[in-house]
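Report on the structure given below.
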Amino acid sequence: MKKIFYLYSAIVLAFIAITYSCKKSTVGFLSPYVHYEQNPIKVPKGRTFLSSALNPDGSSMPFTATVVHYYNKANGQIVDSLFNKKFPVQIFTGYIDPKKDTSFQQIISFLKTEYLPAVTILPNSGQVSANSGALYLPAGEYQYDLRITNEAGTKVYPKIGDFILADTTTFDAVPAIGSTSETRILVGNESKSSVGQHPLLTITRVADTPNIITVVYKDKNGTPWNPQAGEVVSRPAAGLNPIPPYLQSLQEYTSSYYYTSTSSVFRFPLVPFPLNTLGNGFNIYQRIPAKYVSNDGLPEGAYTLNLRFPIRIYVPGSYLVVEQSIDATRVP
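Take 176 as the starting number for the sequence shown in the working numbering and just add one per residue.
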């Protein structure tokens, strides 16, 4: 009986082994429900942007996502050629050490220009990535198909992606990150001041290149003060022996600048600029010394004029900033 039992057991085990060897094992998983959590994704034109990743819904990782077609959502037209266009974009070629690489020339030595599509879908995550080139694409809502491949196989997800290319400013200023201000401070007593009227501020992107900010301070008659002659200077910080000694200015954010008889010109290597705040948000402070200004309603030569405006630039290019007092006059 034992021999018969062992023989029977061997036959059963052999049958099981043959059965399983004939079955194709399943490797990995690719969900039919891969999706984006945010839909549509809002992409600000011209600003560097990176969305959140695809939700793989338990699919095996890693995967590779490839765009099949882009569509104009309004009319369903395929617009692949639009997103295959390439634009000049500055990219880093190495690591910047903020302790050593402090000059404008040192920083730009790490940058080079490459021609890249304005909007791309990252293959390993499905994230929507955009750069400054998107400034030149038409605003609107777009969709795209993805072909996703992992160890389990390949699936095409029709119009899984939906994003809006939205017009926006190329910079932040008033009211997004602050306001203008005017303070008249008594010479010899920084604790005594008089608040003036809010100055007017206009910021205009005037060209694609070079990356510069030209700042002009004007009096109520539209006459510019002369930085080259010392009519525009840094504003001292409050307190006894303050550190740093001056309030934040564009001179603190870039080491490459020069003065003309009507303006201060600042070069910046990359965006956003300023990259990080040095304090007081992104407010920029400057002073007009008392001998160069007549403040309405105050004694002549007794008060300095102290102006402030906020700015942060997100798209490369040339910018003109004009801040105009409405209650002070330049004294030549």
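Even glycine gets a Cβ: it sits at the ideal position worked out from N, Cα and C.
Bear in mind that the values here come from a model prediction, so they are computed numbers and not experimental data.
By the CB criterion at 9 Å, Arg380 and Ala503 fall outside the cutoff. Under the three-state reduction of DSSP output, Leu257 falls in the helix class. In this chain, Phe238 is not harboured by any alpha helix (DSSP H), its DSSP state being neither H nor E.
Per DSSP, reduced to three states, the secondary structure at Lys367 is coil, with no helix or strand assignment. Spatial neighbours of Phe346 in its own chain (CB-CB distance under 8 Å, excluding positions within 5 residues in sequence) are listed in chain order as Ile378, Arg380, Ile486, Arg487, Ile488, Tyr489, Val490, Tyr494. Fewer than three beta-carbon pairs drawn from the stretch 431-446 and the stretch 469-484 are found closer than 8 Å, and the two stretches are therefore not classed as touching.
In the structure shown, Phe204 falls within a coil segment according to DSSP collapsed to helix, strand and coil.
For Val218, same chain residues with a beta-carbon under 8 Å away, outside a window of 5 residues either side, are Phe224, Ser226, Val294, Val303, Ala305, Ala309, Phe338, Ile339, Leu340, Ala341 in chain order. The Cβ atoms of Gly472 and Gly353 lie no closer than 9 Å to each other.
Taking all protein chains shown into account, Asp255 has fewer than 16 neighbouring C-beta atoms within 10 Å of its C-beta and is therefore exposed. Taking C-alpha positions only, Tyr311 is separated from Arg322 by approximately 27 Å. The three-state secondary structure of Ser307, taken from DSSP, is helix.
Between the stretch 425-434 and the stretch 278-296 there are three or more C-beta pairs closer than 8 Å, enough to call the two in contact.
Rounded to the nearest angstrom, the gap between the Cα atoms of Arg442 and Val391 is 15 Å.
Residues Glu326, Ala327 of the same chain have their beta carbon placed closer than 7 Å to that of Val202, with the five preceding and five following residues left out of the count. Inclusion of Leu422 and Tyr460 in the CB contact set at 9 Å is warranted, their separation being smaller than that value. Distance from the CA atom of Leu291 to the CA atom of Gly221, rounded to whole angstroms, is 13 Å.
Counting of Cβ neighbours within 10 angstroms places Thr355 among the buried residues, the total reaching 16 or more.
The residue among Ser424, Gly492, Thr288, Pro402 with its C-alpha nearest the C-alpha of Ala412 is Ser424. Excluding sequence positions up to five before and after Met236, its CB lies within less than 8 Å of the CB of Asn325, all in the same chain and listed in chain order.
For Gln426, no beta strand (DSSP E) run applies; the uninterrupted alpha helix (DSSP H) run containing it begins and ends at 425-428, by DSSP.
Per DSSP, the beta bridge partners of Phe448 are Ile488.
With contacts defined as CB atoms closer than 9 Å, Asp320 and Val243 qualify as a contacting pair. Classified as exposed, Ser436 has fewer than 16 neighbouring CB atoms from the shown chains inside 10 Å of its CB. Here Gln252 carries a coil assignment [DSSP, helix/strand/coil]. Nearest to Thr389 by alpha-carbon distance, out of Ser500, Ile418, Ser438, is Ser438. The C-alpha of Phe238 is placed about 55 Å away from the C-alpha of Pro417.
Boundaries around Gln461 are those of the beta strand (DSSP E), 458-463, since no alpha helix (DSSP H) includes it. For Ile360, the enclosing beta strand (DSSP E) stretches over residues 356-361.
Close CB contacts of Pro263 within its chain, under the 7 Å cut and outside five residues either way in sequence, are with Thr288, Tyr290 (chain order). Counting along the chain, the unbroken alpha helix (DSSP H) around Phe279 starts and ends at 279-283.
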